[in-house]
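Shown next, in structure tokens, is the structure this report addresses.
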Amino acid sequence: MEAVLAIAIGALAGSGVWLLLRPRTFQVIIGLTLISYAVNLFIFSIGGLRIGADPVLGAATDPARYADPLPQALVLTAIVISFATTALFLVVLLTSRGLTGNDHVDGEDGTS
Amino acid sequence: MNGALAVAPILIPLAVAAVQVLLGVRLRRTRTSLSFLSCLALVAVAAVLMASASAPDGGGKTLVYNVGGWPARFAIVLVVDRLSALMLLLTAVLAFAVLPYALGRWQRMGPHFQPLVQLLLVGYNGAFLTGDLFNLFVFFEVLLAASYGLALHGSGARRVGAGLHYIAINLTASMLFLIGVGLIFGVTGTLNMAVLAHLIPDLTGTPRALMHAGAALLGLAFLIKAAVWPVGFWLPRTYSAAIPPVAALFAAMTKLGIYVILRLSLLLFGADAGFASAHFGSDWLLWLGIITLVVGSIGMLGARELGKLASYCVLVSSGTLLGAVALHTPAVTAGALAYLVVSVLGIAAFFLLAGLVVPRETPEGAAQLEPYDPVVDALFAAEDERRVTSPAPVVILAACFLACGLLLSGLPPLSGFLAKFALLAPMLGRGTGATLLFALTITAGLCTVIAMAHAGIQIFWADPDREFPRVEPGETISVVGLLGICLVLTFVVAAPWNYLSATAQQLHAPEHYINAVMDRTTENRP
Amino acid sequence: MPYGCISTAILLLPFAAALATPLIGRGNRRRTTWLMTSTAGVCLVLSTLLFPGIADGEVLHQTFAWAPALGLEFTLRVDGLTWLFLVLICGIGLLVGIYATYYMPREYPLVRFYSLLLAFMGAMLGIVLSGNVIQLVFFWELTSLFSFLLIGYWHHGKSARDAARTALVVTVMGGLCLLAGVLLLAHIAGSYDVDAILVAGDRIRESPLYLPALALVLVGAFTKSAQVPFHFWLPQAMSAPTPVSAYLHSATMVKAGVFLLLRFWPVLAGTEEWFWIVGGVGLTTMLVGAWAATFQHDMKAVLAYSTISHLGLITMLAGLGSTLGVVAAIFHTVNHATFKASMFMAVGAVDHETGTRDLRRLGGLRHVMPITATLAVIAGAAMAGVPLLNGFLSKEMFFAVALGANHGLELDTLTVLVALIAAALGVTYSLRLVGGAFFGPLRHDFPRQPHEPPRWMRFPIGTLALACLAVGVFPAWVVGPPLRAAATSVLGVQLPVYDLAIWHGLTLPLLMSVIAFVIGCVVYWVLRRRIAARDATPLIGRIPALHWFERALAFATTTLPELQRRVFPSRHLQVQLLLVVLLAGILGLVAVRPLPVPAAAHGMQVDPAFALLWLLGVACAIGAATHAKFQRMAALIFTAGTGLVVCITFVWLSAPDLAVTQLVVESVTTVLLLLGLRWLPKRVPGLSPLSRVARYRRIRDAVVAIAVGAGLASLAYTVMNHLVADSASRFFLEQALPGGGGRNVVNVILVDFRALDTLGEITVLAIVALAVFALLWRFRPAAESIGAPHQREVAPAQDEVHADRHPPAWTDQSATPGLLILLIAPLIALFALHLFLRGHNLPGGGFVAGITVTMTLIVLYMAGGTRWLEARLRIAPARWIGMGLLLAIATGLAAVVLGDRFLTSYHGRWTVPVLGEIPFNSALLFDLGVFAVVTGASALMLVVLAHQSLRRVVQPPGPPRETGEAEP
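Protein chains in written order, with my numbering: chain V, 333 to 444; chain U, 206 to 731; chain D, -4 to 963.
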């Protein structure tokens, strides 16, 4: 299970980085989205993987029966923040496209 | 009062910003006065915190505030020690001094200038106060988000282009930050810096290696903020594109990166962090700092725009500071702090000034300064006795420009000289790296002189009937105010210096910080 | 003690006057002049008062606290040497002050001039008074600064500007080296105090750091005193007004270097290095200066080079290391200052009267300005070293030293020879200067009609000429005691035997002076026409050093930065990001050494379904990567697919909260991207075949990407196998219910344990919303971007055709969506409320609820269209944001008011009459704030984006309103 998740994280990060290094703004934003998925999964995995653990406190008080909540909380915050910043980045790239007339990350249409 | 003053630096600007947003764009006057009030309050609060942090007893007492009243180990703690108090005061003063400048044309270039500035302060203060890694991340994001907004203030192709790069790079940096925090949390199970410092000596084998990896990625995130080579290329473009008051406010942002590196490297990887972790990565910091210093100096010499020139001054100062921090020596650290304060004020003043003496809205790369021409015409020309008269405002501008030059190049009579002296003097006899840094810092001073003289001569001397943009009183007030502080700091040295050296001592005795936090771990909610 | 006060006053007065000048002066020339002269005069008097205190080699101290913690004290230190310089600086300052007011063109107010001159005087006094090396450097740099400003006084002439810059760069460089040098000295001596350093001589000379320290200090001295190879700035500096040249560049500032040499003579001198460097440089400079001076035609240039030569002489005297040399050096410093200053002023008078300084155009002036001529003759004679004048005495002493030197025969003969040559050349150029200007037939082709300059312009020249005479005739009386005091302060009590007298009998030195004099006269007589014919100095040309300097500066300011720009193409985002990624990889690798061992996987069994799921997810990710360039829509869908897989993973691994959040965020992001897509330019694949560069880049990036992916994967795997046993979470699980009053631990953490994070998070949202609004404010999408839907295209035209038609065409919408909304909207809103309320105990919470509401909005917009909706539903996102933030803060502050920590939560049960007992939790209020901010922020972003599509069709009048706040 861990292995699968680790590979998944790696794959997401990899394709994200690839896009990050592309010359078109849209590629970059998609790349950032993918990377943030990877990072979220990574932080989530720090809590240790649990299947079928109760997410919500029930009768039992034994912590071992529950999934580790802290990383989840961190991931939640991270998700929200990256949502916000992605939105901003989107608007900026639209504006830049509008002002420069092209969608190259450097504003001038060079070779890709 | 249960130390609630510790949250004030975060809450005051946040609340003010919220109210300003509610007021909407029309009530500009009210919004502005609110900003002034908030900055004034921030200065006051910072001063009080500073006073409490430097309590009579030698070390000064460190105020720990566990938000939500949970035990410090689990809650988010805000820690006010000498260093954070200093940084709080610095940013508050900076913001207060910059505000008048923006009153006129600048803030009208976009709808939300004032609230964004306040939110920027929220970010700064939160980052300076927090004692929790993830919370640090959150406040970094607050700071960055606000800085995105401000960097784009006024829009226009140049700003948007620069902003695009700025945002893309910082988003990447945030990812690194998260990975780093994740790693550290994974192997230590805590986010609290003090607890972390407490645990590190006991780490062994793989967990320690992973923790180091986390620290390295974390460090990279901060190095990007500090615009260190080779990840600092975003800075000159972004800063020179931003409007002057914003660039001036940003002058403290690279220093935030330095602040965190200073804090963490001494807290987590101080001398007693165990054999394998002591001074972790300090070589890297030293050499990156040195390279940044060189790159900045060369950039300064080649700058064809005042904004760029100022930006490269920022690089130089971050390089110097990083190198100094990496030396892990109390005396040098103290000098570095002095240098930090002065360079923040000086660079801010210079950015503001740059907006007044040259037309700001030039397209990317449009040269405002001609390159240096080596041809010497008649060596002994007859004395040219035409009468020169310059209007008073221009004289003031010229004087301020001269002052900036002196300040940034570390020449007397402004405090730049003493700061540089305080930084350089203890570097002697501390090995090759230190000596190199010593030499390069002095050389950087020379480069600054050359660049500034070149610019100043062209702007104020070359052509007597040059048109200067109309200067509003508020703008002059800001510049003169900032420079005035620096002038005062030349002659009022004893008290500030004692504070700084005590701060350095405190930083180099991390157990002070650690204990202050750990003492609170037992306490539970009322 | 009075002495202390006096020295303090001497230092402070000039600066005070400098600051006062602009205020008092107010363009009134007379007043500014008086301020200058009286200040200088007072300082002079005060200085003389100090003499009794130091006559017998005592040292006066006056100390103020400056930065004790830094080991810095502001110490004023007066000894014989200092005293001599004090008198020199103040005295000549006074005379120059008088002279300038007649020299400078009438219409000048001279405010800037005099206040700079005063400031310079203060700085100069500061140097000689410094009892602390850092303080010395402090004033040293100040003199460089003021000389820069004074040289550039007539800054509309390019030569003045260049000269000013050159002087500044050279002297500041020297100053910085000096700083480094004294830091080294202080490091060895363990104190910044001059006295402490002076007694640490032996320690310093033995230290391994001696050589670097010496070198650095000497660079400082040589740059200031215009020694080869740093001499080039001085001739250039002659484009300053003549009074400035007289004061700074002959009498005082250039002597600062000499002062430094003498000041540290006891510490640094007496070694081989000292002898070779200082002596050698001095010798060379003396010769080069004299040689160049002989061939100049500009009178000021002659003086400039002769100054260089004389400074070289003094340096050499200090360098020979003999004690008599020091005495001679001090003596000649004084003499040179007097005759050279008067010479400069005389030349200035000539320039002022005739309008030229070119020796080839001058001649016979003694007929029209006899008095000036006489004075010039005296000064010139002193410069040439004619008996009965001070120059003669110091030259005698110099010869004596040269003869007395014993560093091996060859060296000594060389010294004597050079001394002779230099002296002879001195005679030659003095003759040229005086003879060429004042003697010979009177010429009538001067630019101006010359006549005797005003009395007060002659007065300073006369005074100095008189001084030359006085010293020359009664040396023992006039300069005896001060010279002794000064020598004592450098050499200590055992002074060498020297005799200040005109006649020592027929000695070798006398013979040498005679020889030199004769040779000089002969050379002048024989070569004067040849010299006049020459344009450049033979052998040297027009100071190559200057051109090297200029070239170096050009290299540093143009070539080097250009090189740097080419090495790091820092303008390109791709390069920067690549660097970031690479550095991350490197640092990560370096840091993890020794490479961690992925411990035996004690993880759980792999569930094939899960693996399959991720096979899909990875496929989606790669699909997105490959399609993002040409098929953006496809890429978007792939990304969403990946997001979905992530979401399922969260469910799978028992994190429902994450799943829900991921889902809603996913959908909103997708909508935003969709809204954005339509403004991006179309890209069709295969239009331009990939260039080689591009292909290379792709391969490189692919490698990097794969490496990073692999690295992160292994990192993740390793860390998953080395998780710490007990993290903070245990505490949260235990405390959530009793302490936080909620069953959904994650939510409790968000709104209670780590509520500050959440506060920050919503702040970020708010900021972004503001930023987005600000950015799209007044922004129009590019005209050539993809066209709006057909109906929008035609609608305006329709409206123009049938203007009477109601409602206008752009509002044309089918009725169904409206109906639909009326049904759906309340439902979704209700669901949002439900999500919000259960948040504390079940997955959900403020954030999710907020986003849900936003999705309602999205639905409404999609169905109804912007205008239709805003005509019916009034959204004020800014208000939501502000209120939400305030609510969140208020909730936190309530706790403070109640005496608890910020954001402390309270929970309990309220019994309300009718309803019965209902649970209450203050965290709920906080969450409400979150909800409000999230709703407002995301709504604001959507609305603004949506408005973009609107603007292109119907341009709204004036600046767009803050979205939705105003009534439609």
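For glycine and all other residues, C-beta sits at the position ideal for the given N, C-alpha and C.
Item                                                                                                                                                                                    : Value
Using the three-state DSSP reduction, which class does residue 434/V fall into: helix, strand or coil?                                                                                  : coil
Tell me the DSSP bridge mates of residue 69/D?                                                                                                                                          : 59/D
Could you give the distance in angstroms between the alpha-carbon of residue 140/D and the alpha-carbon of residue 897/D?                                                               : 54 Å
Quick check on the DSSP output: the beta strand (DSSP E) that includes residue 271/U runs from which residue to which?                                                                  : 268 to 271
Please classify residue 402/V: does DSSP put it in a helix, a strand, or coil?                                                                                                          : helix
Candidates 876/D, 924/D and 689/D: which alpha carbon is nearest residue 226/U's?                                                                                                       : 876/D
What do you get for residue 296/U, buried or exposed, if any count of 16 or more other CB atoms within 10 angstroms of its CB means buried?                                             : buried
How far does the alpha helix (DSSP H) with residue 684/U in it reach, from first residue to last?                                                                                       : 678 to 696
So for residue 282/U, helix, strand or coil by DSSP?                                                                                                                                    : strand
Just the Cα atoms here: how many angstroms apart are residue 958/D and residue 880/D?                                                                                                   : Bear in mind that the predicted position of residue 958/D carries a pLDDT of just 39, short of 50, making it unreliable; the figure below should be weighed with that in mind. Straight-line Cα distance between these residues: approximately 19 Å.
Nearest chain D C-beta to residue 396/V closer than 7 Å, yes or no?                                                                                                                     : no
Tell me the rounded alpha-carbon separation between residue 279/D and residue 495/U.                                                                                                    : 38 Å
If you reduce the DSSP assignment to three classes, tell me which class residue 335/U lands in.                                                                                         : strand
Just to confirm, are residue 344/U and residue 328/U a CB contact at a threshold of 7 Å?                                                                                                : yes
Whole angstroms is fine: what's the gap from residue 697/U's alpha carbon to residue 69/D's?                                                                                            : 13 Å
Label residue 825/D either buried or exposed according to how many other C-beta atoms from any shown protein chain fall within 10 Å of its C-beta, with 16 as the threshold for buried. : exposed
Short of 6 Å in beta carbon distance, which residues of its chain neighbour residue 343/V, apart from the five on each side in sequence? Order them along the chain.                    : none
How about residue 367/V: is its C-beta nearer than 7 Å to some C-beta of chain U?                                                                                                       : yes
Can you list the residues of chain V that residue 967/D reaches, using a CB-CB cut of under 7 Å?                                                                                        : Any property of residue 967/D remains undetermined from this structure, which presents chain D solely from -4 to 963.
Since I believe residue 608/U is in contact with residue 552/U (beta carbons under 8 Å), could you give me their beta-carbon distance rounded to a whole number of angstroms?           : Not quite, the Cβ-Cβ distance comes to about 13 Å (not below 8 Å), so this is no contact.
Just to confirm, are residue 200/D and residue 266/D a CB contact at a threshold of 7 Å?                                                                                                : yes
Taking 7 Å as the CB-CB cut-off, is residue 375/V touching chain D?                                                                                                                     : no
Within 10 Å of its beta-carbon, does residue 558/D have 16 or more other beta-carbons around it, so buried, or fewer, so exposed?                                                       : exposed
Residues in the same chain with beta-carbon distance under 6 Å from residue 625/U, minus the five sequence neighbours each way, listed in chain order, please.                          : 615
Can at least three beta-carbon pairs, one atom from the stretch 565 to 582 of chain D and one from the stretch 317 to 333 of chain D, be found at a separation below 8 Å?               : no
Can you give me the Cβ contacts of residue 404/U inside the same chain, cut-off strictly under 6 Å, excluding the 5 residues immediately before and after it?                           : 393
Please state the DSSP three-state secondary structure of residue 385/D.                                                                                                                 : helix
Mind pulling the chain D residues with CB within less than 8 Å of residue 618/U?                                                                                                        : 133 and 137
Since residue 167/D is in the alpha helix (DSSP H), which residue starts that stretch and which ends it?                                                                                : 153 to 184
Determine contact between the stretch 511 to 521 of chain D and the stretch 87 to 107 of chain D, defined as no fewer than three beta-carbon pairs at a distance below 8 Å.             : no
Let's test the definition: count the other Cβ atoms within 10 Å of the Cβ of residue 59/D and tell me whether it reaches 16, buried, or not, exposed.                                   : exposed
Compare the beta carbon distance of residue 372/U and residue 424/V with 7 Å and say whether it is the shorter of the two.                                                              : yes
Please tell me whether residue 437/V and residue 357/V are closer than 7 Å, where the distance is taken between their beta carbons.                                                     : yes
Give a yes or no on whether the minimum CB-CB distance between residue 654/U and chain V is below 7 Å.                                                                                  : no
With a cut-off of 8 Å, do at least 3 Cβ pairs link the stretch 413 to 424 of chain V to the stretch 748 to 767 of chain D?                                                              : yes
Assign residue 686/D to one of two classes, buried (16 or more other C-beta atoms within 10 Å of its C-beta) or exposed (fewer than that).                                              : exposed
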